[in-house]
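A.B. asks:
Protein chains: 4
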Amino acid sequence: MRFLSDNTASVSPEILAALAAVNHGRVNPYGDDEWSARLDRAFSDFFGTEVRAFAVATGTAANALSLAVLCPPYGAIFAHQEAHLETDECGAPGFFTGGGQLTLLPGEHGRIAPETFSATLAAYPNHLHIVQPAVLSLSQATECGTAYRAESIAALAASAHGRGLKVHMDGARFANVVAFLGCHPGDITWRAGVDVLSFGATKNGAMGVEAVVFFRPELVRDFELHRKRTAHLHSKSRYLAAQLLAYLEGDLWKRNAARANGFAQRIARAAGTALLHPVEANEVFVRLGAERIRALRAAGFEFYDWGPPEAGEARLVVSWDQPEEEVRALERALTA
Amino acid sequence: MRFLSDNTASVSPEILAALAAVNHGRVNPYGDDEWSARLDRAFSDFFGTEVRAFAVATGTAANALSLAVLCPPYGAIFAHQEAHLETDECGAPGFFTGGGQLTLLPGEHGRIAPETFSATLAAYPNHLHIVQPAVLSLSQATECGTAYRAESIAALAASAHGRGLKVHMDGARFANVVAFLGCHPGDITWRAGVDVLSFGATKNGAMGVEAVVFFRPELVRDFELHRKRTAHLHSKSRYLAAQLLAYLEGDLWKRNAARANGFAQRIARAAGTALLHPVEANEVFVRLGAERIRALRAAGFEFYDWGPPEAGEARLVVSWDQPEEEVRALERALTA
Amino acid sequence: MRFLSDNTASVSPEILAALAAVNHGRVNPYGDDEWSARLDRAFSDFFGTEVRAFAVATGTAANALSLAVLCPPYGAIFAHQEAHLETDECGAPGFFTGGGQLTLLPGEHGRIAPETFSATLAAYPNHLHIVQPAVLSLSQATECGTAYRAESIAALAASAHGRGLKVHMDGARFANVVAFLGCHPGDITWRAGVDVLSFGATKNGAMGVEAVVFFRPELVRDFELHRKRTAHLHSKSRYLAAQLLAYLEGDLWKRNAARANGFAQRIARAAGTALLHPVEANEVFVRLGAERIRALRAAGFEFYDWGPPEAGEARLVVSWDQPEEEVRALERALTA
Amino acid sequence: MRFLSDNTASVSPEILAALAAVNHGRVNPYGDDEWSARLDRAFSDFFGTEVRAFAVATGTAANALSLAVLCPPYGAIFAHQEAHLETDECGAPGFFTGGGQLTLLPGEHGRIAPETFSATLAAYPNHLHIVQPAVLSLSQATECGTAYRAESIAALAASAHGRGLKVHMDGARFANVVAFLGCHPGDITWRAGVDVLSFGATKNGAMGVEAVVFFRPELVRDFELHRKRTAHLHSKSRYLAAQLLAYLEGDLWKRNAARANGFAQRIARAAGTALLHPVEANEVFVRLGAERIRALRAAGFEFYDWGPPEAGEARLVVSWDQPEEEVRALERALTA
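Residue numbers (our numbering), protein chains in the order written: chain A, 1 to 336; chain B, 337 to 672; chain C, 673 to 1008; chain D, 1009 to 1344.
What follows is the structure, given as structure tokens:
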């Protein structure tokens, strides 16, 4: 019973079917196919504003390519100290930007507080001896499984824009947040000041595809050249685009996310006071103590320690395709 | 009737079936799945020697990541002046190596002659004011659709190794060459001195996967860190590995390549004296004159000019799934 | 009366004389001159062990080039959060290493405590999804004007070496520390486990030269290629080497440092309880309150606020050539 | 008797005097000194138009930093195949631009013919799979010691600007060309379309300083950030600026250049039919045969072979401070 990560999940049948459906004929490559051509329209409809959307195959690529167009080689990228950019991309942000440097901020439950960020900016030296503030990157959901509300994002974005920074959102679990908040996708993105979004699909049922969504078309600039030179332009591009189209179509994204979220809520209830963070997506963080953790593992549950083993903390991630009986078993184990 | 490129091709049914076959359960990500674990064995068997093999999703990634481990940031990479590294990767080799610089060599029919290379090395300055010779990269098949024979590769590799360079092979159409030469895959790789191979599968029936194959395990070094930091480590890695395994299994690679090669030979015979290069894979280069080229296009054939339009030269690429009637139509058009 | 920084200082007459003394004849460039050839010997004698020493023109170059040979593009560089690497090099460490990322540590009085560092290393994730621990960089003197003792360095270096990291020392004010501690230069470098030192001279009387000193010759590796490709190999190299030789000769380094240190101690005594950090080099940090700071400035003293103006803190740096009357005036102003 | 290179030369007494003259007081660092502040004015007067001018310490830094602001990481830099950028900078152009790639052009006597360049641009692919044309860099004097005339530069610049490229000039021996042509410095720079100039001084009498001169102020953009992050911003900046001011003052640049040029003309006349290239600066290229080259060396002359030793070709460079008796001796040896 694996609660290791939602990237252990399988691929939604709808996605597999979409791959089969486009598998005919000799089709123009490198984004010059009819499915890729539909991405801008599909995402514009989804977000309720005119956007540009580009497919890439990995989440790190989506993040790092977003930064490549937003951050100069001497730029500072502000992010939460537990952000994926810092902890799980092996330096990709610095590499793709040609030198951009992460500036890490603390924040409860994985969120950067608007006051923290504005104070940081205010105190930031104003000379050319230090990397220059360029981007604020917010994770949605955060690495603690929590969600930024629209007002927080707007406050953070206002600070950022006020000093000329751009706002990036790492939306690896974006669908889970929209499903949780019950908001419109535009509410927590462009309406709140987000400039570029890494729109995740892989964790939530796709095989391997994310979209980089530009809410301000003029920011696209040389994105396509960066995508090519980083080897992230796929020749058989139809097979990426088709996944994204199927993901949006018929609200597959929402059904998958809602299912995982619902299970996460059940687990959260079972965990009770052991919860470390509010559960606002499909991840549950618990402090159980080393002994109960051992017991859970002995009972066949797989998951990661969060922090050092002796802390007795764990992260439990629910996948879109998690069998309900595994969730039920986990509920039982947690309430036992 | 598209003869634009083999990357317009669809995906082999066997590959799609393999994707569906692994689509169950929650499986460890990032290469820690059972299918990825089989790659070393499968490729070792294929090449007849112990190798290390890693899956990536694009050909440019395979090339650039190979170079990332073989070439220091102040290294020179020797390649043919028409090599994909130079003409179609938007600077990826320089980017992935942190500064490696291409040094381009001429050569008839897309091949670097061993004498050209050894003379270039002999004349290369021996001081630290210039980028240092680091890698020889050979395209197999070449950009002119020709094949290097084992003896040429061995001679080139001997020169390279003699001065401490490593030998990389860009095998985007490797299967077509093996099928054409009727040799063992080892004959034109490790037995001839190739150190690292970009083993192509995408053009020849896969959806989007290539293998980086190390014939000398000690060269793997930090490859996995480079793959991660360039955002080319896929989370749902089973879907890459499964493609490669299916590609090797039951000689799918050879059947697909042989079919395309066979069609290319028929087109070559039809082209007759218009041929610009020997046809040794699945590409046919012809000098037809601007008028016949217009006529071909008017008749519904799609293909790229080779060189400036006024040169009247064209590249015709046969895909593994090219309908025979399209080939027949092209034969007729060329012999008309 | 400028106490802004020791890089406002003039050049020692001995250094100017040395430049004039080598100014004859046509001399081999690029380090192939007789003065550059003497650097290894001169620094080996200075440190009491066999070293390799290379001249560069700026402190940032010395630091960033040291890191370029010690840190891979996916490496983590541990440094104090106020280190020059972070606050005053505009991303040079990331740039010269091709992607190395700073990991910042807190620490009282500008020093990293051995326990902080060993705990950080122990908790550092052990997988390839994050930048890999590569270098520990210590500033000597620290950015707070304090000195690491030999035992602390040894403890820090032991932790670093135990996990395969290299130890770099940013010795922009190295001479001031040696003069303060009264130790042998080897005591706080190679004997304590430092692998590579940025040996500063510019702030302490040179015109523009620092030495990169390798205590383990095998680490030199491709340093000279990095120096060239970063444009830091000077053609008329004799004029860099001559400065360094003059700086070491007759203990010019120690006389200049001791003079500035002595003045700093006088200012420290005058500052009394306003001192923020122990004064162990030529910098004095004081908390005076905004009003006294204004008064000092009104009286003609120039210096930098330390932190935001409202904090009322200041940094006073004494240069090797500071006129004694300026120091006396400052003493009076502080004790008034 | 050294004719190896003009970077073997000593420093003009006027330059040394200027260094001594600014050596007093504690002066603001990092370009915030009064001498650096005069550079814009001094160079604007020199060129007869409003320019921005920045001091750096090496010629490679001047070139690579010029390119850093003119060329994106996916840019192509067109240069002559013997350009210093290619043969003597160990990849600095690619490094400073974050990936810019040199595209090399042939050309007689070290010059790129306008037709060659315009034909190259016309044939250059117009898609995003290849590095994008960004900069044309011209060496003045060329690596063959010849000079571009204003009309050629204008024709080349017109082609470049017509496709959106910027024009850089590597003027390591710029003074020698102006002295040779007897033109105004503006004639072969901004009036002919040059956007940015690496203005050399080191080879012609300075100790170690070059100016990066922007003829279009809007191109300066983030130059200062690039200079800082590449570690080329000197703290004691007055000592760089003072050299440049002294170099321009009283036409020191012209006297030094004219002296070297005059000697070169005498050597050229002595060489007669052995000359390989017109002598239009301070370099003389001769084909003497291996035997006469050996004889010259036996007679005490030092110089570099040009090409492989068996070609019997040599480069003789005259320095600004070359003793006349050495020139006379060389004349005699060549006419013997």
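All C-beta atoms, glycine included, are put in the ideal place defined by N, C-alpha and C.
(1) With 16 other CB atoms within 10 Å as the buried threshold, where does Pro469/B fall?
(2) So if DSSP puts Thr775/C in a beta bridge, which residue, or which two residues, is it bridged to?
(3) Look up Gln1140/D in the DSSP assignment and give the residues it is bridged to.
(4) Assign Arg724/C to buried or exposed, taking buried as 16 or more other Cβ atoms, counted over all protein chains shown, within 10 Å of its Cβ.
(5) Pick from Leu891/C, Glu761/C, Asp704/C: whose alpha carbon is nearest that of Gly100/A?
(6) Cβ of Lys502/B within 8 angstroms of Cβ of Leu406/B?
(7) Between the alpha carbons of Gln1251/D and Thr146/A, how many angstroms are there, rounded?
(8) Over the uninterrupted alpha helix (DSSP H) stretch that includes Ser36/A, give me the two end residues.
(9) For Val620/B, would you say it is in contact with chain D, using Cβ-to-Cβ distances shorter than 8 angstroms as the test?
(10) Quick check: what's the CA-CA separation for Met207/A versus Gly1216/D?
(11) Could you run through the segment 1310-1330 of chain D and flag, in chain order, every residue whose CB is less than 9 angstroms away from some CB of chain B?
(12) Roughly how many angstroms lie between the CA atoms of Phe180/A and His24/A, to the nearest whole one?
(13) Would you call the segment 974-981 of chain C and the segment 1176-1190 of chain D touching, i.e. three or more CB-CB distances under 8 angstroms?
(14) For the segment 410-425 of chain B and the segment 437-453 of chain B, state whether three or more C-beta atom pairs, one from each stretch, are separated by less than 8 angstroms.
(15) Look up Ser402/B in the DSSP assignment and say whether it is helix, strand or coil.
(16) Under a Cβ-count criterion, where at least 16 other Cβ atoms within 10 Å of its own Cβ denotes burial, should Pro521/B be classed as buried or exposed?
(17) Under 6 angstroms Cβ to Cβ from Ala397/B, same chain only, skipping five residues before and after it: list those, please.
(18) Near Ala864/C, which residues of its chain fall below 7 angstroms by C-beta distance, leaving aside the five closest residues on each side in sequence?
(19) Taking the alpha-carbon positions, what's the His1092/D to Glu619/B distance?
(20) Using 8 angstroms as the limit for Cβ to Cβ distance, is Asp222/A near chain D?
(21) Starting from the C-beta of Val11/A, find all residues in its chain whose C-beta is less than 8 angstroms away, skip the five residues before and the five after it, and write them out in chain order.
(22) So Leu1227/D packs on Val1204/D, CB below 8 angstroms; how close in whole Å?
(23) Whole angstroms is fine: what's the gap from Ser534/B's alpha carbon to Ala404/B's?
(24) Should the segment 690-707 of chain C be called in touch with the segment 1267-1285 of chain D, which here means at least 3 C-beta pairs below 8 angstroms?
(25) Closest to Ser1327/D by CA distance: which of Leu1233/D, Phe1311/D, Ala1130/D is it?
(26) Would Pro450/B pass as an interface residue toward chain C - the criterion being a Cβ-Cβ separation below 8 angstroms?
(27) Beta-carbon within less than 7 angstroms of Leu1129/D's beta-carbon, same chain only, minus the 5 sequence neighbours each way: which residues are those?
(28) Distance, Cα to Cα, Gly1320/D vs Leu1284/D?
(29) Taking the alpha-carbon positions, what's the Trp589/B to Glu560/B distance?
(30) Using Cβ-Cβ distances below 9 angstroms, what residues of the segment 1064-1084 of chain D are close to chain C?
(31) Please list, in chain order, all residues of the same chain as Val803/C whose beta carbon is under 7 angstroms from its beta carbon, the five residues on each side excluded.
(32) Locate the beta strand (DSSP E) running through Leu1284/D, then write down its first and last residues.
(33) Where does Thr478/B land, buried or exposed, given buried means 16+ other C-beta within 10 angstroms?
(34) Can you have a look at Gly182/A and say buried or exposed, based on whether 16 or more other CB atoms are within 10 angstroms of its CB?
(35) Quick one: is Pro217/A buried, meaning 16 or more other Cβ sit within 10 Å of its Cβ, or exposed?
(36) Please list, in chain order, the residues of the segment 758-781 of chain C that have any C-beta partner in chain B closer than 8 angstroms.
C.D. replies: Let me lay it out:
(1) Here residue 469/B is taken as the residue at index 133 of the second sequence, counted from 1. Buried, by the Cβ-count rule.
(2) Counting from 1 along the third sequence, the entry for residue 775/C is found at position 103. Thr775/C pairs with Phe750/C.
(3) As a working note, residue 1140/D is residue 132 in the fourth sequence. Answer is Gly1083/D, bridged to Gln1140/D.
(4) Here residue 724/C is taken as the residue at index 52 of the third sequence, counted from 1. Counting Cβ neighbours within 10 Å, Arg724/C comes out buried, since at least 16 surround it.
(5) Along the first sequence, read from residue 1 onward, the residue named residue 100/A stands at position 100. Ranking the options by Cα distance to Gly100/A, first place goes to Glu761/C.
(6) Residue 502/B sits at position 166 when you count from the first residue of the second sequence. Residue 406/B sits at position 70 when you count from the first residue of the second sequence. Yes, they are a contact pair.
(7) Looking up residue 1251/D in the fourth sequence gives position 243. Looking up residue 146/A in the first sequence gives position 146. Going from the Cα of Gln1251/D to the Cα of Thr146/A covers about 59 angstroms.
(8) As a working note, residue 36/A is residue 36 in the first sequence. Unbroken alpha helix (DSSP H) run through Ser36/A: 34-37.
(9) Residue mapping note: residue 620/B aligns to position 284 of the second sequence, counting from 1. Not closer than 8 angstroms to any Cβ of chain D, the Cβ of Val620/B fails to qualify, so no.
(10) The sequence position of residue 207/A within the first sequence is 207, counting from 1. The sequence position of residue 1216/D within the fourth sequence is 208, counting from 1. Straight-line Cα distance between these residues: approximately 57 angstroms.
(11) Gly1315, Pro1316
(12) The residue given as residue 180/A occupies position 180 in the first sequence. The residue given as residue 24/A occupies position 24 in the first sequence. In a straight line, the C-alpha of Phe180/A is about 38 angstroms away from that of His24/A.
(13) no
(14) yes
(15) Counting from 1 along the second sequence, the entry for residue 402/B is found at position 66. Of the three classes helix, strand and coil, the one that applies to Ser402/B here is helix, per DSSP.
(16) Here residue 521/B is taken as the residue at index 185 of the second sequence, counted from 1. It counts as buried.
(17) On the second sequence, residue 397/B is found 61 positions in, with the first residue counted as 1. Cβ neighbours of Ala397/B beyond the five flanking positions: His568.
(18) Start at 1 with the first residue of the third sequence, and residue 864/C comes out as number 192. If we look at Ala864/C and ignore the five residues flanking it on each side, its Cβ neighbours are Ala822, Ile825, Ala826, Ala829.
(19) Position 84 of the fourth sequence holds residue 1092/D. Position 283 of the second sequence holds residue 619/B. Near 39 angstroms, if we compare the C-alpha coordinates of Glu619/B and His1092/D.
(20) As a working note, residue 222/A is residue 222 in the first sequence. It does; some Cβ of chain D falls within 8 angstroms.
(21) Position 11 of the first sequence, counted from the start, is the residue given in the question as residue 11/A. Gly205, Ala206, Met207.
(22) Within the fourth sequence, the letter at position 219 stands for residue 1227/D. Within the fourth sequence, the letter at position 196 stands for residue 1204/D. About 6 angstroms; that satisfies the 8 angstroms criterion.
(23) Position 198 of the second sequence, counted from the start, is the residue given in the question as residue 534/B. Position 68 of the second sequence, counted from the start, is the residue given in the question as residue 404/B. Between Ser534/B and Ala404/B, the C-alpha separation is close to 13 angstroms.
(24) no
(25) In the fourth sequence, counting from the first residue as 1, residue 1327/D sits at position 319. Among Leu1233/D, Phe1311/D, Ala1130/D, the Cα nearest to that of Ser1327/D is on Phe1311/D.
(26) The residue you call residue 450/B lines up with position 114 of the second sequence. Chain C contact via Cβ: absent.
(27) As a first step, residue 1129/D must be located in the fourth sequence, where it is residue number 121. Pro1141, Ser1167, Arg1171, listed in sequence order.
(28) Walking along the fourth sequence from the start, residue 1320/D turns up at place 312. Walking along the fourth sequence from the start, residue 1284/D turns up at place 276. Each residue's alpha carbon lies about 11 angstroms from the other.
(29) Taking the first residue of the second sequence as 1, we reach residue 589/B at position 253. Taking the first residue of the second sequence as 1, we reach residue 560/B at position 224. Going from the Cα of Trp589/B to the Cα of Glu560/B covers about 26 angstroms.
(30) Val1064, Ala1065, Thr1066, Gly1067, Thr1068, Ala1069, Ala1070, Asn1071, Ala1072, Leu1073
(31) By one-based count along the third sequence, residue 803/C stands at place 131. So the qualifying residues of the chain are Tyr746, Gly747, Ala748, Gln773.
(32) Position 276 of the fourth sequence, counted from the start, is the residue given in the question as residue 1284/D. Note, Leu1284/D: premise wrong, no beta strand (DSSP E); not H, not E.
(33) In the second sequence, counting from the first residue as 1, residue 478/B sits at position 142. So Thr478/B counts as buried.
(34) As a working mapping, residue 182/A is identified with position 182 in the first sequence. Label assigned to Gly182/A: exposed.
(35) As a position in the first sequence, residue 217/A is number 217, starting the count at 1. Pro217/A should be labelled exposed.
(36) Gly770, Gly771
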